[in-house]
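What follows is a set of notes on a single structure, which appears directly below.
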Amino acid sequence: MSHHQQQYDNIDIQIRSSYERFLEFERLMKMYPPSLSQNFNPTPLGLCAFALTTFVLSMYNAGVAVPVTASHGVVMGLALFYGGLIQLLAGLLEFRVGNNFGALAFCSYGGFWLGLASLYIGSFNFLGNYSLDVQEKALGVFFLGWTIFTAAMFISSFRTNLALVALFFFLTLTFILLTASKFQLGHLNLQRAAGAFGILTASIAWYAAFASLLKRGVNSYFSLPVYDLAPHSPLIITNESSTNTRTQKI
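Residue numbers for the sequence shown, in our numbering: 71 to 320.
In structure tokens:
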């Protein structure tokens with residue numbers, strides 16, 4: 071057996087093992103029916119996973135502290151395990167509490183980070199057959215797809231709150247600039263602009279995360295306003311028990 075064949079076999083075994091663990095996790099989740107009395111809110115976890123990974127990548131894209139042309143290899147660890155895996159799990163937990171908007175967002179962007187990281191894993195060799203120019207344009211198509219999806223999420227966020235509307239608005243601008251940069255064969259000024267908007271997007275995501283986490287009188291001395299746009303929207307889930315009331319907004 072050749073060395074490359076052995077590598078592919080090992081990767082196949084790892085993928086099968088991961089998929090089996092996921093099926094077992096899903097089976098265990100179904101064993102416990104959701105309870106409206108649970109103080110259960112996966113939103114801060116998903117938003118923080120998205121925010122931190124976006125922040126680090128955007129620092130690279132903007133050329134802050136590292137050269138703007140530096141390899142994104144360091145970012146891909148976060149993309150795999152925090153922005154990817156942890157955000158995906160947060161999305162699955164959003165399904166559990168009945169928050170379809172949050173589940174769609176977290177599962178999708180978790181998939182985005184996992185997909186992006188896979189492009190930089192040498193053993194996959196997804197980009198190995200492209201010339202440099204074609205590779206840049208191929209990445210442009212990749213980011214274009216996510217631009218369209220993010221624009222749709224921006225429109226869908228109009229009945230949530232102002233923090234989320236701002237988050238998806240600036241994320242859409244970030245993807246537009248990344249797409250343009252790639253179609254312009256790695257235009258560095260467009261990349262820097264995308265990095266700047268990405269840093270702003272990450273900051274808003276962190277704000278929204280802690281606005282969802284911190285509840286005055288429950289676990290904090292203060293709350294952060296998010297400015298609800300539709301207080302009676304089905305996207306807002308309220309859990310009531312004898313001891314506290316929790317409102318989740320995403």
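Here a beta-carbon is modelled for each residue, glycine too, at the ideal position from N, C-alpha and C.
These numbers come from a predicted model, not from an experiment.
Problem - For Ser290: DSSP bridge partner residues - result: The sequence position of residue 290 within the sequence shown is 220, counting from 1. Answer is Arg286.
Problem - Alpha-carbon spacing of Leu284 relative to Ala272, whole angstroms - result: Along the sequence shown, one-based indexing puts residue 284 at 214. Along the sequence shown, one-based indexing puts residue 272 at 202. The straight-line gap from Cα to Cα measures roughly 18 Å.
Practice task
Could you check what DSSP says for Asn231 in three-state terms: helix, strand or coil?
Solution key: Numbered from its first residue, the sequence shown carries residue 231 at position 161. Strand.
Practice task
Taking all protein chains shown into account, decide if Pro137 is buried (16 or more other Cβ within 10 angstroms of its Cβ) or exposed.
Solution key: Along the sequence shown, read from residue 1 onward, the residue named residue 137 stands at position 67. Classification of Pro137: exposed, given that the 10 Å Cβ count is below 16.
Practice task
Tell me, please, which residues DSSP counts as bridged to Asp298.
Solution key: Here residue 298 refers to the residue found at position 228 of the sequence shown. Answer is Asn231.
Exercise for the section: Measure the alpha-carbon distance for Arg91 versus Asn259 and round it to whole angstroms. Expected result: The residue given as residue 91 occupies position 21 in the sequence shown. The residue given as residue 259 occupies position 189 in the sequence shown. Going from the Cα of Arg91 to the Cα of Asn259 covers about 43 Å.
Practice task
Under 6 Å Cβ to Cβ from Met146, same chain only, skipping five residues before and after it: list those, please.
Solution key: Numbered from its first residue, the sequence shown carries residue 146 at position 76. Taken in chain order, the residues that qualify are Ala187, Tyr190.
Practice task
Identify the continuous alpha helix (DSSP H) that holds Val145 and give its terminal residues.
Solution key: Start at 1 with the first residue of the sequence shown, and residue 145 comes out as number 75. Segment 143-150, the alpha helix (DSSP H) holding Val145.
Practice task
Flag this pair as touching only if the region 245-253 and the region 262-280 have three or more C-beta atom pairs under 8 Å; answer yes or no.
Solution key: yes
Problem - Selected residue, minimal CA-CA separation from Ser128, among Gly116, Leu202, Leu243, Pro295 - result: Here the question's residue 128 lines up with position 58 in the sequence shown. Residue Leu243 is the option with its Cα nearest to Ser128.
Problem - Beta-carbon gap between Leu232 and Tyr291 smaller than 9 Å - result: The sequence position of residue 232 within the sequence shown is 162, counting from 1. The sequence position of residue 291 within the sequence shown is 221, counting from 1. No, they are not a contact pair.
Problem - Proximity of Ala160 and Leu115 at Cβ, strictly below 9 Å - result: As a working note, residue 160 is residue 90 in the sequence shown. As a working note, residue 115 is residue 45 in the sequence shown. Yes, the Cβ-Cβ distance between Ala160 and Leu115 is below 9 Å.
Problem - Supposed contact pair Ser282 and Thr139 - C-beta distance, whole angstroms, cut 8 Å - result: One-based indexing of the sequence shown puts residue 139 at position 69. One-based indexing of the sequence shown puts residue 282 at position 212. Actually they do not touch by this definition, with Cβ atoms about 37 Å apart.
Handout entry: Cβ-based neighbour list, Ala275, same chain, cut-off 6 Å, excluding 5 preceding and 5 following
Key = The residue labelled residue 275 in the question sits at position 205 within the sequence shown. For Ala275, where only same-chain residues beyond five positions count, the Cβ hits under 6 Å are Leu117, Phe120, Ala121, Leu237.
Exercise for the section: Tell whether a beta-carbon distance below 9 Å holds between Gly154 and Thr124. Expected result: Along the sequence shown, read from residue 1 onward, the residue named residue 154 stands at position 84. Along the sequence shown, read from residue 1 onward, the residue named residue 124 stands at position 54. No.
Handout entry: Residue span of the alpha helix (DSSP H) that contains Val134, given as start and end
Key = Within the sequence shown, numbered from 1, the residue matching residue 134 stands at position 64. That residue, Val134, is in no alpha helix (DSSP H); it is neither H nor E in DSSP.
Handout entry: Same chain, Cβ closer than 8 Å to Leu299, five either side skipped, listed in chain order
Key = The sequence position of residue 299 within the sequence shown is 229, counting from 1. So the list reads Phe228, Arg229, Thr230, Asn231, Leu232, Val235, once near-sequence residues are dropped.
Problem - Own chain residues within Cβ distance below 8 Å of His142, not counting five before or after - result: Stepping through the sequence shown from its first residue, residue 142 is reached at position 72. Hits under 8 Å: Leu127, Tyr130, Tyr190.
Problem - Residue range of the alpha helix (DSSP H) that includes Ile191 - result: Numbered from 1 along the sequence shown, position 121 holds the residue referred to as residue 191. Looking at the DSSP string, Ile191 is not in any alpha helix (DSSP H), and its letter there is neither H nor E.
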